[in-house]
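Asker: I have a structure I would like to understand better, so I am pasting it below and will then ask my questions one at a time.
Number of protein chains: 2
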Amino acid sequence: MDEPAWLDEHELSAWQAFLATGAIINRLVEQQLKDDSGLSHSQYEVLVRLADAPDGELRMTELAGAAFTSKSGLTYQVAQLEKAGLVRRRACPTDVRGVIASLTDEGWAVLRAAAPGHAALVRELFVSGLSREEFAGFAAGLSALLGRLSVHAG
Amino acid sequence: MDEPAWLDEHELSAWQAFLATGAIINRLVEQQLKDDSGLSHSQYEVLVRLADAPDGELRMTELAGAAFTSKSGLTYQVAQLEKAGLVRRRACPTDVRGVIASLTDEGWAVLRAAAPGHAALVRELFVSGLSREEFAGFAAGLSALLGRLSVHAG
DNA sequence: GGGGGTTGGTTCGGGTTCGAACAACTGGGT
DNA sequence: ACCCAGTTGTTCGAACCCGAACCAACCCCC
């Protein structure tokens, strides 16, 4: 019951910094990907997940679960990617309802072309400017946070 | 030069954790505010900024600059808040073009009612589960990151 | 005072996102 | 064989957000 109704100074400023960094970084990344490769950040993420999967293929649900978007949002993005020729949809052999999204050759090519610029920006915004110790502490916090959040996300 | 085109293992996992935590936390916060107070996260942020300002008033530009939304986005949100009776728009006495957004009594009341639940959730998601040292390191990283980003945001 | 560059805020059009509802299908228990 | 709860992916309506275009007003410097 001694839970205060407001956050204390440190908590508040960390929280604000978290929101602000997220917003700014997302905006810059979005911008860079759009200018450089004509991809939105979500689309890029979808391509990355597919590229990480065996044969560059994943079920829609696995894609949505591992990613940061809802089921309907994913349907939309995959439709966009398919229209652009970067992704193909196949039926799932073991489940008639299932849909498998699969990277096309062009999808691979676009992703390979986009990755270096994206990596450079992430490095510039997110990695450089932090000392090794700072980065380590920061990463440790993120990882702990994510572990705890997985409980909530269930 | 010897800049690799991809992120190394630690960088990548930290980056993914950053994106994932941001996405999950934002979704949960959004949900909670909507259910609890009928506010979107952006709307809540606007109210908080106003409440922090002297007399609960701010110029539109200051609001947009300090916040995470574009000018047009802010116009939209303030219109919503005005429709809901939480914010009033006044003309700016020193600049005819200017518009001052100002918290109404009801705006104060709604914010006071919403704050404890929001603070509790932020505490639960963001603060608890990290040891004091972890949190300190994490906050230090965030702050350094934000400082560096301000350059880019200019 | 009276231009020219800058700023403040809104409007507009398009793209993106979400949740709820939906239909088709699955799998396990009986 | 059958039923029923749970899953899968899409569709639909609405909300949201952004950048570009825009007009009006400011500033400042000659």
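From first to last, the protein sequence lines stand for chains A and B. The first sequence lines up with residues 1 to 154 when you count with our numbering. The second sequence lines up with residues 155 to 308 when you count with our numbering. Don't be surprised by glycine CBs; every beta carbon is placed ideally from N, CA and C. Owing to the predicted nature of the structure, the values given are computational and were not obtained by experimental measurement.
#1: Curious, which full-length beta strand (DSSP E) runs of at least 3 residues does the region 34-120 of chain A contain?
#2: How long is the line joining the alpha carbons of E203 of chain A and E236 of chain B, rounded to whole angstroms?
#3: On a CA-only basis, which of A:L111, A:L19, A:L28 and A:W108 is nearest F222 of chain B? Give me that one, please.
#4: Of all the CB atoms in chain B, is at least one closer than 8 Å to the CB of V78 of chain A?
#5: Could you tell me which chain A residues have their CB closer than 7 Å to the CB of A171 of chain B, listed as they occur along the chain?
#6: Identify the contact partners of G56 of chain A in chain B, using a Cβ-Cβ distance below 8 Å as the criterion.
#7: For E134 of chain A, which residues in chain B fall below 7 Å Cβ to Cβ?
#8: Using the beta-carbon count (16 or more within 10 Å), is A171 of chain B buried or exposed?
#9: Measure how close the beta-carbons of R57 of chain A and A101 of chain A come, nearest whole angstrom, since I'm counting them as under 8 Å.
#10: Assess, as a yes-or-no matter, whether the region 73-88 of chain A is touched by the region 127-141 of chain A under the definition of 3 or more beta carbon pairs within less than 8 Å.
#11: According to DSSP, is G283 of chain B part of a helix, a strand, or is it coil?
#12: How about A177 of chain B: is its C-beta nearer than 8 Å to some C-beta of chain A?
#13: Under a Cβ-count criterion, where at least 16 other Cβ atoms within 10 Å of its own Cβ denotes burial, should Y44 of chain A be classed as buried or exposed?
#14: Along the chain, which unbroken stretches of the beta strand (DSSP E) at least 3 residues long are found entirely within the region 160-186 of chain B?
#15: Does the region 88-98 of chain A come into contact with the region 181-195 of chain B, if we say contact requires no fewer than three beta-carbon pairs (one atom in each stretch) closer than 8 Å?
#16: Compare the Cα-Cα distances from W160 of chain B to each of A:W15, A:E9, A:T94 and A:E124 and report the closest residue.
#17: Rounding to the nearest angstrom, what Cα-Cα distance links I25 of chain A and L303 of chain B in this structure?
#18: Measure the alpha-carbon distance for A228 of chain A versus G261 of chain B and round it to whole angstroms.
#19: Pull up the CB-CB distance for L47 of chain A and L121 of chain A, whole angstroms please, since I reckon it's below 8 Å.
#20: For a contact meaning CB atoms closer than 7 Å, what does G137 of chain A contact in chain B?
#21: Does R49 of chain A get closer than 8 Å to chain B when you measure Cβ to Cβ?
#22: Which residues, taken in chain order from the region 234-266 of chain B, show a beta carbon closer than 7 Å to some beta carbon of chain A?
#23: Leaving aside the five residues before and after V110 of chain A along the sequence, list all residues of the same chain whose C-beta is less than 8 Å from its C-beta, in chain order.
#24: Looking only at its chain, what residues have a beta carbon closer than 8 Å to the beta carbon of L217 of chain B, apart from the 5 residues adjacent to it on each side?
#25: For V200 of chain B, would you say it is in contact with chain A, using Cβ-to-Cβ distances shorter than 8 Å as the test?
Answerer: According to the structure data:
#1: Entirely contained in the region 34-120 of chain A, the beta strand (DSSP E) runs reaching 3 residues are, in chain order, 57-59, 87-91 and 99-103.
#2: Since the displayed chain A opens at 1 and closes at 154, residue 203 of chain A lies outside it and no answer follows.
#3: Among A:L111, A:L19, A:L28 and A:W108, the Cα nearest to that of F222 of chain B belongs to A:L19.
#4: no
#5: Within chain A, the C-beta atoms nearer than 7 Å to that of A171 of chain B come from L142, S143 and L146, in chain order.
#6: What G56 of chain A touches in chain B: nothing, since even the nearest Cβ is about 17 Å away.
#7: A294, G295 and A298
#8: buried
#9: The identity of residue 57 of chain A in the sequence shown is Glu, whereas the question assumes Arg. Indeed they touch by this definition, with Cβ atoms about 7 Å apart.
#10: no
#11: G283 of chain B: coil per DSSP, three-state reduction.
#12: Yes, because at least one Cβ of chain A sits closer than 8 Å to the Cβ of A177 of chain B.
#13: buried
#14: For the region 160-186 of chain B, not a single whole beta strand (DSSP E) run of length 3 or above is found.
#15: Segment contact: the region 88-98 of chain A against the region 181-195 of chain B, fewer than three CB-CB distances shorter than 8 Å; contact not assigned.
#16: A:E124
#17: Straight-line Cα distance between these residues: approximately 8 Å.
#18: The structure shown has nothing for residue 228 of chain A, since chain A only spans 1 to 154.
#19: That belief does not hold up - the Cβ atoms of L47 of chain A and L121 of chain A are roughly 16 Å apart, past 8 Å.
#20: G291, F292, A294 and G295
#21: no
#22: none
#23: Only S37, L39, L47 and L86 meet the Cβ criterion.
#24: Here the set comprises V200, R203, L204, L228, V232 and A255.
#25: no
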